[in-house]
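In order, the protein sequences belong to chains A and B.
Following this note's numbering, the numbering of the first sequence begins with 1 at its first residue and continues without gaps.
Following this note's numbering, the numbering of the second sequence begins with 1 at its first residue and continues without gaps.
The beta-carbon is built from N, C-alpha and C at its ideal position, and this holds for glycine as well.
Since the structure comes first, as structure tokens, the remarks are kept for the end.
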Amino acid sequence: MIDFSRNHFELFGLPERFRFDAERLDEAYRKLQGDVHPDRFAAGSDQEKRIALQSSARVNEAYRALRDPVLRAQYLLELHGIEAMAETDTRLPLDFLERQLERREEADAAVDARDSRALAAISDAVRADAAEIETMLAQALDEEHAYDAALMPVRELKFLSKLEDDLDAMQGDLDD
Amino acid sequence: MALFQISEPGEAPIPHARRRAIGIDLGTTNSLVATMRSGLAVVLPDEDGRPLVPSIVRYCDNGVDVGFAAMAHQADDPQNTIVSVKRLMGRGLADLSDARRFPYRFVDGPGMVRIGTRAGVKSPVEISAEILRALRMRAEASLDGPIDGAVVTVPAYFDDAQRQATKDAATLAGLPILRLLNEPTAAAVAYGLDNAAEGIYAVYDLGGGTFDISILKLSRGVFEVLATNGDSALGGDDFDHRIFCWALETAGLPPPTPADARLLLMRAREAKEMLTGHDEAPLRATLSDGTKLDLALTKETFTSITQTLVGKTLQPVKRALRDAGLAPTDVKGVVLVGGATRMPQIRRAVATFFGQPPLTNLNPDEVVALGAAVQANKLAGNREKNDDWLLLDVIPLSLGLETMGGLTEKIIPRNSTIPVTRAQEFTTFKDGQTAMAIHVVQGEREKVADCRSLARFELRGIPPLAAGAARIRVTFDVDADGLLAVAAREQTTGVESTITVKPSYGLSDSEIARMLRDSFTHAGDDMMARAQAEARVDAEQIVAATQSALAVDAELLTASERAHIDAALAGVKSQIAGGDHRALRAAIAALNDATGEFAARRMDRSVQAALSGKRIDALS
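As structure tokens, this is what we get:
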């Protein structure tokens with residue numbers, strides 16, 4: 001059984017940082033699942049099974065939250081009392097929004113023209129932007145501990161991540 | 001059982017301390033049962049040595065036939081001989097785009113479609129349970145006792161309703177089910193453990209009626225499913241059907257009778273199988289009106305009439321790779337599963353797509369059952385060498401709720417690792433609203449109407465507040481079988497409304513109870529046989545233990561005590577041969593009673609033996 005009061009980082013024995021070793025997380029995740037997974041308790045009592053189910057689901061949730069950069073940054077802010085995705089405040093810089101809106105229009109045009117290469121180029125540009133924001137976030141969160149200043153970049157990263165998924169789906173539809 | 005308390009440390013007191021664990025591949029066309037023997041997974045064949053059971057059930061005038069016996073009558077009694085029932089699991093009549101293909105008397109109703117037979121109206125769950133029961137009996141005969149635990153496989157792309165229906169069928173068949181396991185994952189376990197495989201693998205599983213693609217990462221004993229996709233209504237059956245349509249068209253025949261249709265589909269399947277090793281296959285049949293059909297199907301024609309079907313399998317492959325964030329070249333090996341992957345055009349298409357020939361060093365018919373047996377053995381708690389491995393599987397389709405405007409809000413996205421729990425908060429949209437309708441759906445589409453409806457329920461007793469003020473938390477829990485449970489709770493007052501999703505398309509608990517009762521009355525012998533088998537195993541164990549104890553420690557008994565035990569022993573032995581499990585249980589109890597004092601004395605002696613020759617300080 002795991003300690004449900006621990007935060008995601010503590011659960012895996014990892015430092016509370018944005019930049020971190022994904023392989024170490026993978027390793028710790030597999031080890032922990034090996035201990036708590038319901039398959040280990042299939043022949044056990046109902047209570048053992050229920051605990052295994054809850055522990056394993058908790059470990060999966062923690063792993064997901066740390067594996068993804070957007071969720072990880074969001075979680076780090078949350079640990080410092082900042083809710084990045086509050087429904088009452090969804091502001092983003094206007095120039096950022098305008099640039100992404102343009103990209104969406106370009107992407108729609110590429111799909112209409114069935115131009116898979118043009119679509120891929122937009123995806124690449126989005127990914128490059130995201131990588132830049134991640135570098136910035138690592139500096140702000142891990143070095144400067146400037147959590148308030150990280151709020152806007154986290155929102156931008158989340159927005160780009162959604163855009164990336166949509167572009168991937170469009171690319172998939174083009175390929176099919 | 002007092003006698004069992006005496007055994008040397010490290011020695012198993014019972015000869016069959018291993019649990020009887022089996023893996024079952026419940027297929028569209030064929031089913032299999034496998035178990036672990038001496039560290040190896042083996043398929044259990046029937047008396048004639050045949051490993052496969054055709055997944056065919058025939059309701060006869062006096063009982064039910066399963067397998068080859070039923071298969072022999074599929075053309076002359078098509079309406080009572082049910083084939084490919086897996087395609088109907090968890091499905092309503094409206095879901096079956098190909099309903100006209102089946103010659104059955106469908107009975108529509110709320111939830112799952114049912115079939116009218118001479119034995120009454122049967123649900124796909126009951127029909128599948130007949131197949132599972134036949135496999136259970138085969139395993140019990142082969143393993144000489146009742147089954148302790150079973151893993152039953154399902155297509156990875158099965159939705160919640162189809163999974164629940166399969167689990168219900170296992171319950172109905174009297175199988176203690178340990179886990180539902182995804183078929184491609186089972187195959188990956190069998191392949192991966194055998195070959196000590198490491199890296200990214202794709203499992204391409206084209207069965208009789210379902211198609212799955214799973215992308216797995218194998219790394220130091222962890223089998224991690226990264227993504228899965230598929231089509232739960234695409235399989236070898238569809239290739240048969242293409243040949244069938246081609247034959248009707250080529251010969252210029254009108255729509256055939258149910259019996260003729262079944263005959264032609266059988267011939268189509270034979271032609272398909274022949275084309276795996278030949279360039280041409282004959283297709284000959286005499287129809288009920290005397291019409292003679294004599295056609296020849298070439299490999300080229302077959303390939304061209306099934307091209308779209310082959311293409312239909314590649315779309316899910318692309319989507320699964322995309323979800324896993326991988327390219328075809330990242331895949332180290334492609335494992336083929338399912339009899340339909342023997343078709344050369346499938347192998348060619350897979351080789352072209354992945355840029356490498358698929359792995360064919362395993363039997364595509366057996367690998368799923370073998371993997372399931374390995375998993376069952378582990379889950380049942382039997383220890384093996386190298387059993388320190390772990391399976392991490394995913395849900396195939398997103399789970400969500402209906403929101404305003406008939407749109408879907410996804411709560412758990414597809415390819416989430418299970419078990420998984422996720423919650424989301426919703427609010428009321430009207431002032432003073434006191435109830436909220438919750439509609440649970442599964443699927444990828446935006447509109448609720450395009451997704452599968454799993455359940456509807458209502459949360460009542462919400463305190464009347466201004467619109468948007470109430471906070472309702474809806475929690476989705478998916479267990480290790482991939483089955484969903486949903487709970488809703490109003491946060492301020494804690495009004496709880498909980499539902500385990502299995503209604504509209506599955507069967508309700510009371511329906512299962514009714515079917516179980518029916519199966520007791522119709523097949524009461526079956527339960528009796530199980531009870532008898534269990535009692536017999538216990539009896540044999542206690543007889544063996546008593547005899548070996550008497551051989552060692554007979555001098556602990558007086559002559560009259562010995563006579564008493566001998567009489568009780570004889571009583572058990574005489575009841576083993578008889579068919580009355582209650583009498584046998586009574587005899588076992590009498591023997592236990594007679595040996596109680598003997599066991600206590602033996603215990604004292606073994607404790608003394610253990611203590612003698614040791615210094616006191618070594619004991620503290």
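Measure from the C-beta of residue 621 of chain B to each C-beta in chain A and report whether the shortest distance is under 7 Å. As displayed, chain B neither begins before 1 nor continues past 620, which places residue 621 of chain B out of reach and without an answer.
In whole angstroms, give me the CA-to-CA distance for residue 159 of chain B and residue 396 of chain B. 7 Å
Can you pull the chain B neighbours of residue 30 of chain A, defined as C-beta to C-beta under 9 Å? 219, 220, 221, 222, 224, 390, 392
Whole angstroms are fine: how far does the CA of residue 433 of chain B sit from the CA of residue 84 of chain A? 30 Å
When the Cα atoms are used, what is the spatial distance from residue 39 of chain B to residue 379 of chain B? 15 Å
In chain A, what lies closer than 8 Å to residue 420 of chain B by C-beta? 57, 60, 61
Measure the C-alpha to C-alpha separation of residue 175 of chain A and residue 116 of chain A and round it to an integer number of angstroms. 8 Å
Given that a residue counts as buried once 16 or more other Cβ atoms are within 10 Å of its Cβ, and exposed if not, what is residue 178 of chain A? The requested residue 178 of chain A is not part of the displayed model; chain A covers only 1 to 176.
Taking 6 Å as the limit between beta carbons, can you name the residues of its chain near residue 331 of chain B, skipping five residues before and five after? 200, 202, 354
Pop quiz: residue 93 of chain A and residue 152 of chain A are said to be a contact at Cβ under 8 Å. What is the actual Cβ separation, rounded to whole angstroms? 7 Å
Closer than 9 Å by beta-carbon distance: list the chain B residues that pair up with residue 53 of chain A, in chain order. 419, 421, 477, 479, 480
From residue 187 of chain B to residue 387 of chain B, what distance separates their C-alpha atoms? 16 Å
Kindly give me the distance between the Cβ atoms of residue 80 of chain B and residue 53 of chain B, rounded to whole angstroms, as I take these residues to be in contact under 8 Å. Actually they are not in contact, since the Cβ atoms of residue 80 of chain B and residue 53 of chain B sit about 18 Å apart, beyond 8 Å.
Would you mind working out which of B:62, B:546, B:227 sits nearest residue 117 of chain B, comparing C-alpha positions? B:62
Please tell me whether residue 349 of chain B and residue 357 of chain B are closer than 7 Å, where the distance is taken between their beta carbons. no
Compare the C-beta of residue 381 of chain B against all C-beta atoms of chain A and say whether one is closer than 7 Å. yes
Is it right to say residue 558 of chain B is buried, meaning 16 or more other beta carbons lie within 10 angstroms of its own, or is it exposed? exposed
Proximal chain A residues relative to residue 178 of chain B, where beta-carbon distance stays under 8 Å: 42, 43
Residues in the same chain with beta-carbon distance under 7 Å from residue 237 of chain B, minus the five sequence neighbours each way, listed in chain order, please. 28, 84, 208, 209
CB contact check: residue 605 of chain B to chain A, cutoff 7 Å: no
So which residues of chain C does residue 37 of chain A contact, with C-beta pairs closer than 9 Å? Protein chains A and B are contained in the structure displayed, whereas chain C is not.
Count the other CB atoms, across all protein chains shown, that sit within 10 Å of the CB of residue 218 of chain B; report buried if there are 16 or more and exposed otherwise. buried
Cβ-Cβ distance between residue 135 of chain B and residue 33 of chain B below 7 Å: yes
Taking all protein chains shown into account, decide if residue 262 of chain B is buried (16 or more other Cβ within 10 angstroms of its Cβ) or exposed. buried
Assuming residue 113 of chain B contacts residue 91 of chain B (C-beta within less than 8 Å), just tell me the rounded distance between them. 6 Å
How would you list, in chain order, the residues of chain B whose beta-carbon sits under 7 Å from the beta-carbon of residue 33 of chain A? 390, 392
How long is the line joining the alpha carbons of residue 7 of chain A and residue 41 of chain B, rounded to whole angstroms? 42 Å
Helix, strand or coil at residue 439 of chain B [DSSP, three-state]: strand
Considering just the uninterrupted stretch of the alpha helix (DSSP H) at residue 35 of chain A, what are its terminal residues? 22-36
Span of the beta strand (DSSP E) holding residue 138 of chain B? Segment 124-143 is the alpha helix (DSSP H) holding residue 138 of chain B; no beta strand (DSSP E) there.
From residue 156 of chain B to residue 230 of chain B, what does the alpha carbon distance come to, in whole angstroms? 8 Å
Any C-beta of chain A under 7 Å from that of residue 91 of chain B: no
Between the region 533-544 of chain B and the region 579-599 of chain B, do at least 3 Cβ pairs fall closer than 8 Å? yes
Whole angstroms are fine: how far does the CA of residue 150 of chain A sit from the CA of residue 141 of chain A? 7 Å
With DSSP as the reference, label residue 113 of chain B as helix, strand or coil. coil
Please report the distance separating the alpha-carbon of residue 198 of chain B from that of residue 221 of chain B. 9 Å
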